[in-house]
Structures are given as C-alpha cells and as structure tokens.
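Residue numbers (the numbering used here), protein chains in the order written: chain S, 1 to 308; chain A, 1001 to 1308. Glycine included, C-beta positions come from ideal geometry on N, C-alpha and C. Fair warning: this is a prediction, and the values are worked out from it, not measured in the lab.
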C-alpha cells in the first residue's frame, strides 16, 4: 500500500505545513501510512517554527498522482489551491476552516470544516476525539499555526476555540505563546532575503466568483513602507501575472503585524470594484485598509460580494 | 431573531426528516432557535416512524428565504437537491454523509460529512460531543433513519459505526430494532395508495456529472413485479420527466427489500452507457441489478464514472 499524502495549499503558510505534519502524525498513530508533503517553498515564518521545534520540512511533491492514489487535504478545499493533478487521485479526507467552493467528489468522504481561525484548532479536537496524546513538538507546530493564522490572536478570525486550543498547546509545548509568537511573526516579516517575485507568490491564493478569477497575495511586514516604496516595480510584476493567468483582479496586500492594518495595491480590469467594496478611495492603485488583517474574513467575502 | 430552518433534501426520506427533527432538537438545546422543516411529502415509511414515536410531520416550507435568513442542511449538500431558493440564504452548517458536489459558500461554515451509512449516525456523535442527552423519542427517530438508509443493516453503505449507533439508539428508544425495522420497511414498501406519479418522485434525486444531468428514482418494494408490470405506463411518465427537465438519463430503480436485489428501468439519450457501466444486459429498457440496494454506493458512482 502506497502512502496517503497529507497536503496543505499551494504557496504554503504555517498552518498548511504544520497541520499537514500534525495530521499525518495523528493518522499514523491510527494506523494509516500517512506522509505530510508540501506543494511549495516554506516561508521564513514556517522555517522558524520548524527549526524551533526541530522538524525537517516535509518533502516537496508537485504532482501527487505519480506518488499516491489517495490524499488528505488540510487547510484548503478549492481545487485551484491544491496540487495541479488533484483530480487524478482520491481525496479521502478534508480538514479545513475556509469557505467551500470548487470542490467535488464521486464518493462520500470525511469532510470536517469548522468556522474557526486555524486548521490546527480542529486537528487538536481530532486528537482528542481519537484519544491520541499530542506530543510536545507536534503541539509546538500546532501552536505556531494558530499564532500565524490569528496574527498572535489579534485577527477577527480568531475564535474562543482557537484561544483555548493555543493555551492548551502552549502548555504541552512548554513555550510562552506571546514571546515565542512575536519572534515567529517577526521572522516571517523579515523580507530582507526576498525578491519582489518572492513577495508576489509567498502567500498568494486564487479565487473564483461569478465567473471572475481573482487573486489575493498577502505579506506580513514590520515596515509596510519598505514594501510600498517599490510599488512601481511590483505593478510590472502584477500586470505580468494578470496577463499570464488571465485574472480579472489582483490585490497585493501588505499587512502591518504590529499595528494590525493593511495597504493593498489593486490592478486588473475589475479593479474599479474595490472602492465601492471597501468604501474607501483608491489613490495611485493603492487603498488603505485600517483594521484589516484577515484575507479570509475581511477581504475575500468583500471582493466576492462585489463581483457577484 | 428569526428561526434557523433545518432541512433535509427534496423528496425527503426517513433520514432527511428524522435527522432534521433530531438535529434541530440538539441545536435548540444548545441555544439556537432551530426549526425542522421538510421540502416535500413524507413517505409511508417516514409517516410510520413519526407516528410510532408520536411526532408531527415538520412544517412544509417550499421557499426558505421568505421564512429565514439562515439554514442548516442535513442529509444533502448538492444545491439541486435543496430548497429552490437555497442561494438566497446563508448556510450555517451542513451535516451529511453523501459525496460533495455543487456546493459553494462565501463564508467559512461548519461542514461535517462522514462516509457512514446515515446522517443520524453523525448526529448521535454530535449529541455526545456536546454532552447533550438523546431523549427516548428522538432516539427512536434516529434509529428509524439508520434502519431506513441501511435497509435494516443489509446495505453495503452500512458501517460498523452505523451498527453501533443503532444498538445504542434502540436501547435508549427501548425498541427491538429488527422487529420494529421490518415493520417500518414494510410500511414504506406498501405502494397500494401510491399513483405512478407518486412512485416517480417519492425518492428521486438529480445529479450532474461531466455536464450531464441524470436522475435516479428508487422505490422499495416487497413485490418488485407488481411495479414492473406497469413498465409501459411508467415509461410514458419517465419520458415526460426527461423532456421537462432535459435529463440525459433517468433510472427508475425498484429494490426488493426482502431479497436485497434491484431492477432498473433506464431511459434517456445516455441510456446506452448503462450496459457497460453495470456489465449486464439491458433488455426492453430494463436491467437486473443483483445485490444492488444502495443508490449512493452502488449506482451513482457507477453512472458518474461512466458519464465522465
């Protein structure tokens, strides 16, 4: 029997990598030959977490069907965010906390989605439901995922359940969540070794709404202006991507992790919906988004609604 | 705050009605103003279960948006099986045991699907996870749903989890599952007060595969030949439905609940796929399906595969 691959989304973030490792661990304890993989490069924040808790990066697998006939998806369900050949394998399970769209199966499956801030919060429940103990290092990874997705518990996506899970996990991992979390977020916001191309794809997700295709990239920063000062160069790359992928809209969001605000650069033939959608002015292709830190809760639904 | 409507699929079966009542009860215990409804007439089997455990039928609601802004789906997720105006309301939760298709939301939601034989089996888990006791009469309804979906535990869809749930529920409801179950199935297989039009829509579900639309109706019978003897009249009605709904394929399946076999009448421009799909001859638009009792596990995947 070949391994069952456990994978997060393309352009993986800390939740995608850490939930893949954690859930594969749980499935192995339950007797399934599960292996975590990643669909792309881990970012600096994730690398910090992996190194801190002494894990190797999961193996990079770009086409899953050559490796396995069955997979488990964590932290995503939309097929355009998954492996390019996802339709060629059987999806055994999904554990996710996003909206459901562009997902279809032939057979019934185990699908567990909950409107919480992080996949790892659901995975902690699954450990408990199966009566499996969370090892200290796995707890550290799951805590890292919650800190990452919630921007250290400050995002509006963060629920009481995420907070409670983080408290339990910090205790098992024996770390101070606030101190460890700030160090991890700062490692992720260190953009010094990143090219502009890197920034564009580091954490970028594609969506569809009403037959329109749009993409939203998000980078965390300590100094937002350092990124925005290179807007002209960024726009060249953004326009290239829009043309290559035939996008109707591309938003590049820079989030200030210390002050919890964002600035977005918006381009594409549907960029004119942004002012109405966010009820604010777009000046020089740029819009200020005070208090906006969550792509999932504060950006995607607003754009989806405006495009519909 | 208006009620949150809890609904099963169109042409409701015993699981759709009983899971709607049971889950609405659980949500009410948890503080949500939930109300079970039904999208169509309950069948004889369901009426038997409701009467036995002294429940009224849920209210018939054909358009949900006029009544509520939020709904919970049980026992289905595909939009063509749901309320006609389902896209006008927010789907708060889904609890289901079918494949996932034609389902999309703007926001994250609670989505719990498991590959078990019956929605009620999952709902029993949810009672336990929330620490809510299952009342005796509600247990009776949930047991009825499992017996119905599993044809008294004989369908290949029936899992060890369904069996275990049925054992627990029979004890709470204080009934003998085998004896009660056979009486309930026989009540459902009593077709004497049904017109041919009734048989066509009693338990009929529409599906899509590779841009083809197909529908599979299923009726349980004690005497299959009693139904098949009226094939010519049935075919007239089937062809009318195919034309009206522009179906590529319509299969009318009669299942022998005592011997666990089925016979299907198949019509439509794609009916020629049936022989290859089921590796058996179609004679006079009719095919014998020995050992086939489960639409979900033994019919839909086979047709979907053949159409793809």
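- Counting C-beta atoms within 10 angstroms of its own C-beta, residue 167 (chain S) has fewer than 16 neighbours from the protein chains shown and is therefore classed as exposed.
- If the five residues before and after residue 173 (chain S) are omitted, its C-beta is found closer than 6 Å to the C-beta atoms of 136, 139, 140, 143, all from its own chain and listed in chain order.
- By the Cβ test, the stretch 1096-1105 of chain A is in contact with the stretch 93-107 of chain S, since at least three Cβ pairs between them sit closer than 8 Å.
- Excluding sequence positions up to five before and after residue 49 (chain S), its CB lies within less than 7 Å of the CB of 14, 18, 141, 144, 184, all in the same chain and listed in chain order.
- Under the DSSP assignment, residue 1239 (chain A) falls outside any beta strand (DSSP E), being part of the alpha helix (DSSP H) whose first and last residues are 1231-1245.
- Between residue 254 (chain S) and residue 216 (chain S), the gap from beta carbon to beta carbon reaches 8 Å or more.
- The beta carbon of residue 1092 (chain A) lies closer than 8 Å to those of 1004, 1070, 1071, 1072, 1109, 1110 in the same chain, with the five residues before and after it left out.
- Residue 1212 (chain A) counts as buried, since no fewer than 16 other beta carbons sit within 10 angstroms of its beta carbon.
- Residue pairing by DSSP puts residue 36 (chain S) in a beta bridge opposite S:6.
- Residue 1209 (chain A) has its alpha-carbon roughly 32 Å from the corresponding atom of residue 122 (chain S).
- By the rule that beta-carbons nearer than 8 Å mark a contact, residue 1145 (chain A) does not touch chain S.
- In this structure, the beta-carbon distance from residue 1162 (chain A) to residue 1148 (chain A) does not fall below 8 Å.
- For residue 178 (chain S), the uninterrupted alpha helix (DSSP H) segment begins and ends at 177-189.
- Shown here for residue 1231 (chain A): same chain residues with a beta carbon closer than 8 Å to its own, the five before and five after excluded, namely 1265, 1284, 1285, 1286 in chain order.
- Between residue 1249 (chain A) and the set A:1130, A:1259, A:1271, A:1206, the nearest pair of CA atoms involves A:1271.
- Under the Cβ criterion of 8 Å, residue 1114 (chain A) is counted among the residues facing chain S.
- For residue 1108 (chain A), the closest Cβ of chain S is nearer than 8 Å.
- Residue 1225 (chain A): member of the alpha helix (DSSP H) spanning 1224-1228, first to last residue.
- Counting only residues of its own chain and dropping the five nearest sequence neighbours on each side, residue 1280 (chain A) has a CB closer than 6 Å to the CB of 1287.
- Between residue 1290 (chain A) and residue 1261 (chain A), the gap from beta carbon to beta carbon is short of 8 Å.
- Under the three-state reduction of DSSP output, residue 1171 (chain A) falls in the helix class.
- In this structure residue 20 (chain S) is not in contact with residue 33 (chain S), their Cβ atoms being roughly 15 Å apart against a cut-off of 8 Å.
- Between the alpha carbons of residue 240 (chain S) and residue 294 (chain S) lies a distance of about 26 Å.
- Around residue 1119 (chain A), no beta-carbon contact reaches into chain S at under 7 Å, the shortest distance being about 11 Å.
- Spatial neighbours of residue 59 (chain S) in its own chain (CB-CB distance under 7 Å, excluding positions within 5 residues in sequence) are listed in chain order as 37.
- When Cβ-Cβ separations below 8 Å define contact, residue 154 (chain S) makes no contact with chain A.
- Residues of the stretch 1071-1099 of chain A with a C-beta less than 8 Å from any C-beta of chain S: 1097, 1098, 1099, listed in chain order.
- Between the alpha carbons of residue 158 (chain S) and residue 221 (chain S) lies a gap of roughly 20 Å.
- If you draw a 10 Å sphere on the C-beta of residue 1112 (chain A), you find 16 or more other C-beta atoms in it, and that means buried.
- Closest in alpha carbon position to residue 1205 (chain A), among A:1076, A:1107, A:1024, is A:1076.
- If you look at residue 19 (chain S), you'll find it in the alpha helix (DSSP H) that goes 14-29.
- Under the rule that a run must span 3 or more residues, the beta strand (DSSP E) segments found entirely inside the stretch 68-112 of chain S read 70-74, 90-96.
- The beta-carbon distance between residue 197 (chain S) and residue 237 (chain S), rounded to whole angstroms, is 6 Å. This is short enough to meet the 8 Å contact definition.
- Counting along the chain, residue 202 (chain S) sits inside no alpha helix (DSSP H), nor does DSSP assign it H or E at all.
- At the C-beta level, residue 83 (chain S) and residue 95 (chain S) stay beyond 8 Å of one another.
- Neighbours of residue 1105 (chain A) across chain S, judged by C-beta separation under 9 Å: 99, 100, 101.
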